[in-house]
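Asks: Please find one structure pasted underneath; my questions will follow.
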Amino acid sequence: MRGPPIVPFASSLTALAGHALAGHALAVNVLDASSLLAAFGALGIAVVLFAETGLLVGFFLPGDSLLFTAGLLCVSGTHSGPHLVLWQVILAAVAGALIGAQVGYLIGARGGRALLARNKRKSLTKGVERAEELLSKYGYGKAIVLARFIPVVRTVLNPLAGVLEVPVRTFTLWQVVGGTVWAVGVVLAGYALGSSVPNIDNYLLPIIGLVVVVSVIPIALELLRARREARQSGSDQQDGGAAR
Numbered sequence: 020m021r022g023p024p025i026v027p028f029a030s031s032l033t034a035l036a037g038h039a040l041a042g043h044a045l046a047v048n049v050l051d052a053s054s055l056l057a058a059f060g061a062l063g064i065a066v067v068l069f070a071e072t073g074l075l076v077g078f079f080l081p082g083d084s085l086l087f088t089a090g091l092l093c094v095s096g097t098h099s100g101p102h103l104v105l106w107q108v109i110l111a112a113v114a115g116a117l118i119g120a121q122v123g124y125l126i127g128a129r130g131g132r133a134l135l136a137r138n139k140r141k142s143l144t145k146g147v148e149r150a151e152e153l154l155s156k157y158g159y160g161k162a163i164v165l166a167r168f169i170p171v172v173r174t175v176l177n178p179l180a181g182v183l184e185v186p187v188r189t190f191t192l193w194q195v196v197g198g199t200v201w202a203v204g205v206v207l208a209g210y211a212l213g214s215s216v217p218n219i220d221n222y223l224l225p226i227i228g229l230v231v232v233v234s235v236i237p238i239a240l241e242l243l244r245a246r247r248e249a250r251q252s253g254s255d256q257q258d259g260g261a262a263r
């Protein structure tokens, strides 16, 4: 039984999103969460999260800072930026994150490892390695949930799960859990901070910068751990050679 034409479907969605955003493209910085939200509102959240979690080309998009900033902008009267509606932001965030991850999995299942090998960017290669480590170390469920909180890894783990033939029911269950917790949690964190800090505009840039820094901490910790293990492995090999 043949599956649905997922790859062409994803390409169509990408093209459709491109047409929808084209009118604002020159005025918007896609790496700037505030700029994206000012131009596209909740629609921009859904499209960006779909691209970041479902398409390898979206690995550079600002998922964490976008969600956090969107939560801040849902608080009335505390900022000069565009006002967003909390339920719309949450709905768009969850939809983009969950649909994107599922499409990424299906692309990986159909396209195979060649799809990942075709991308030569060093950051993506490292992301694939870390995603494989997570899957082997923690098992499917925990790895899929944890990956949502690690930039780049949340982009590559979904197609990689398809490549490695993670059971579709298992993947779907845990990506829904992880995607919902991540999307809703980060939005509500921004909303809670915006509700409790007056004149949040004065601190917006430093806060977004802090969110970006915090989001890359898991990557830094993984790199440090990998280097320690590599040094330990090299030391053990040298000790073994000397013993012989």
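Each position in the sequence shown, counted from 1, maps to that position plus 19 in our numbering.
C-beta: ideal position from N, C-alpha, C; glycine also.
In or out: Pro81 buried (at least 16 other Cβ within 10 Å) or exposed?
Replies: When all chains shown are included, Pro81 counts as buried.
Asks: Between the Cα of Pro186 and those of Val67, Ile163, Glu71, spot the shortest distance and give me the residue it belongs to.
Replies: Nearest option by C-alpha distance: Ile163.
Asks: Suppose contacts are defined by Cβ-Cβ distances below 8 Å. Is Leu179 in contact with Val200 by that definition?
Replies: Against a cut-off of 8 Å, the Cβ pair of Val200 and Leu179 comes out as no contact.
Asks: Would DSSP call Pro178 helix, strand or coil?
Replies: It is helical.
Asks: Find out if the Cβ-Cβ distance for the pair Ile75, Gln194 is shorter than 8 Å.
Replies: Note on identity: in this sequence residue 75 is Leu, with Ile being the wrong assignment. In this structure, Gln194 does not lie closer than 8 Å to Leu75 by Cβ.
Asks: Kindly give me the distance between the Cβ atoms of Ala211 and Ala112, rounded to whole angstroms, as I take these residues to be in contact under 8 Å.
Replies: Contact doesn't hold; Cβ gap of about 15 Å is too wide.
Asks: Looking at Thr174 and Thr88, is the spacing between their C-beta atoms short of 8 Å?
Replies: In this structure, Thr174 does not lie closer than 8 Å to Thr88 by Cβ.
Asks: Please go through the same chain and pick out, in chain order, the residues whose beta-carbon is closer than 6 Å to the beta-carbon of Ser214, but skip the five residues on each side of it.
Replies: Within the same chain, Ser214 has close Cβ partners Val94.
Asks: For Asp83 versus Val172, is the C-beta distance shorter than 8 Å?
Replies: No; because the gap between Cβ atoms is not below 8 Å, this pair is not in contact.
Asks: Indicate the three-state DSSP secondary structure (helix, strand or coil) for Ala169 in the structure shown.
Replies: The sequence as given places Ile at residue 169; Ala does not occur at that position. Residue state, collapsed to three classes: coil.
Asks: Would DSSP call Ala36 helix, strand or coil?
Replies: Since pLDDT at Ala36 reaches only 48, below the 50 mark, its modelled position is unreliable, and no value is offered.
Asks: Would you tell me roughly how many angstroms separate the C-alpha atoms of Glu152 and Leu243, rounded to the nearest one?
Replies: In a straight line, the C-alpha of Glu152 is about 14 Å away from that of Leu243.
Asks: Should Gly115 and Gly181 be called a contact, given that it needs their Cβ atoms to be closer than 8 Å?
Replies: Their beta carbons are not under 8 Å apart, which means Gly115 does not touch Gly181 by this criterion.
Asks: Could you name the residues of the same chain whose beta carbon sits closer than 8 Å to that of Leu110, not counting the 5 residues immediately before and after it, in chain order?
Replies: Here the set comprises Ala61.
Asks: Taking the alpha-carbon positions, what's the Leu269 to Val122 distance?
Replies: Since the first residue shown for the chain is 20 and the last is 263, residue 269 is missing from the structure and cannot be characterised.
Asks: In the DSSP assignment, the alpha helix (DSSP H) including Leu105 goes from what residue to what residue?
Replies: 105-130 is the extent of the alpha helix (DSSP H) around Leu105.
Asks: Sorted by chain position, which residues of the same chain lie with C-beta nearer than 7 Å to Leu165's C-beta, five sequence neighbours on each side aside?
Replies: Answer for Leu165: Leu153, Tyr157, listed in chain order.
Asks: Give the DSSP-derived three-state secondary structure of Val94 in the structure shown.
Replies: Val94: coil per DSSP, three-state reduction.
Asks: To the nearest angstrom, report how far apart Gly197 and Arg250 are at their CA atoms.
Replies: Cα-Cα distance, rounded: 33 Å.
Asks: Apply the 10 Å Cβ neighbour rule to Ala133 and answer buried if 16 or more other Cβ atoms are within range, or exposed otherwise.
Replies: With fewer than 16 Cβ atoms within 10 Å of its Cβ, Ala133 is classed as exposed.
Asks: Give me the Cα-Cα distance between Leu183 and Asn177, rounded to the nearest whole angstrom.
Replies: Looking at the two C-alpha atoms, the distance is approximately 10 Å.
Asks: What separation, rounded to the nearest whole angstrom, lies between the Cα atoms of Gly119 and His102?
Replies: Their Cα atoms are separated by approximately 25 Å.
Asks: What is the residue span of the alpha helix (DSSP H) that Phe190 lies within?
Replies: Counting along the chain, the alpha helix (DSSP H) containing Phe190 begins and ends at 187-215.
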